[in-house]
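*Asks:*
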Amino acid sequence: INFTNITNNGNSDLSGQLSVNMFDPGGDQVSFTFLNNVGIASSITDVYFDDGTLLGIARIADSGAGVAFSQGAAPPELPGANSISPAFETTAGFLADSDSPPPQNGVSSATESLTITFNLINGKTFADTVAALDTGDLRIGMHVQAIGTTGGSDSYVNTQSVPDGGMTISLLGMAMAGMGLVARRIRK
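In the working numbering, the protein residues as written are 2 to 189.
(1) Give a yes or no on contact between the segment 23-36 and the segment 71-89, applying the rule of three or more CB pairs nearer than 8 Å.
(2) Give the secondary structure of residue 106 by DSSP, where H, G and I count as helix, E and B as strand, and everything else as coil.
(3) Can you grab the Cα-Cα spacing for the pair residue 146 / residue 109, in whole Å?
(4) Does DSSP put residue 135 in a helix, a strand or coil?
(5) Provide the residue(s) that pair with residue 34 in DSSP beta bridges, ordered along the chain.
(6) Label residue 167 either buried or exposed according to how many other C-beta atoms from any shown protein chain fall within 10 Å of its C-beta, with 16 as the threshold for buried.
(7) When you compare the segment 14-29 with the segment 127-135, are there three or more beta-carbon pairs, one atom per stretch, that lie closer than 8 Å?
(8) How many whole angstroms separate the CB atoms of residue 53 and residue 138, which I take to be in contact at a CB cut-off of 8 Å?
(9) Give me the Cβ distance between residue 59 and residue 4, rounded to the nearest whole Å; I'm assuming they're in contact under 8 Å.
(10) Considering only their Cβ atoms, is the gap separating residue 8 from residue 103 smaller than 9 Å?
What follows is the structure, encoded as structure tokens:
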């Protein structure tokens, strides 16, 4: 799962180094592992989930030394959540942040990770969760701090899955424009 910057606070764009791997641990659960393949110094300090097939956090696990997260977050809403449409609305209880001091306990190297496992809503499956991510019914946000030499922060939200990079929409638009030209020539 890839991410896009939604706040653009003048920091380097970390979209290329932030990702989440989703996997099926079985037992009506789904797990999300947050990774920061650091090229530009930074630390994932807060993670947020917006709706979808999730029922509640079952467990939070980290990669060990240097990473420590707890359920809940300050701030309780993804910074910049209203800068996108529709606005990112954190689902009650579907958030976690790094323990104090945040940047030091966040995911700040390629060898560190954070895994959050959720119980699924009764009757929902891993495949339903993948579909919810693809449609935008489930969104994941993260707040990243201590970016680069300035130490700034930005927020990121997962990009929806568009397997062809948006080519279908582009081609559809060109086809519609072409049909308009043909119709105009036929009327003449």
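Positions of the beta carbon are idealized from the N, C-alpha and C atoms, including for glycine.
*Replies:* From the atom records:
(1) The answer is no - the segment 71-89 does not touch the segment 23-36, with fewer than three Cβ pairs under 8 Å.
(2) DSSP places residue 106 within a helical segment (H, G or I) once states are collapsed to three.
(3) Cα to Cα, residue 146 sits roughly 9 Å from residue 109.
(4) Here DSSP, grouped into helix, strand and coil, assigns residue 135 to helix.
(5) Under the DSSP definition of a beta bridge, residue 34 partners with 22, 116.
(6) For residue 167, the pLDDT reaches just 36, beneath the cut-off of 50, and the residue's location in the model is therefore unreliable, although a value from the coordinates is still provided. It counts as exposed.
(7) Under the Cβ criterion (8 Å, minimum of three pairs), the segment 14-29 counts as touching the segment 127-135.
(8) Their Cβ separation, rounded to whole angstroms, is 6 Å, which keeps residue 53 and residue 138 in contact under 8 Å.
(9) Not really, about 23 Å apart at Cβ, beyond 8 Å.
(10) Cβ atoms of residue 103 and residue 8: not closer than 9 Å.
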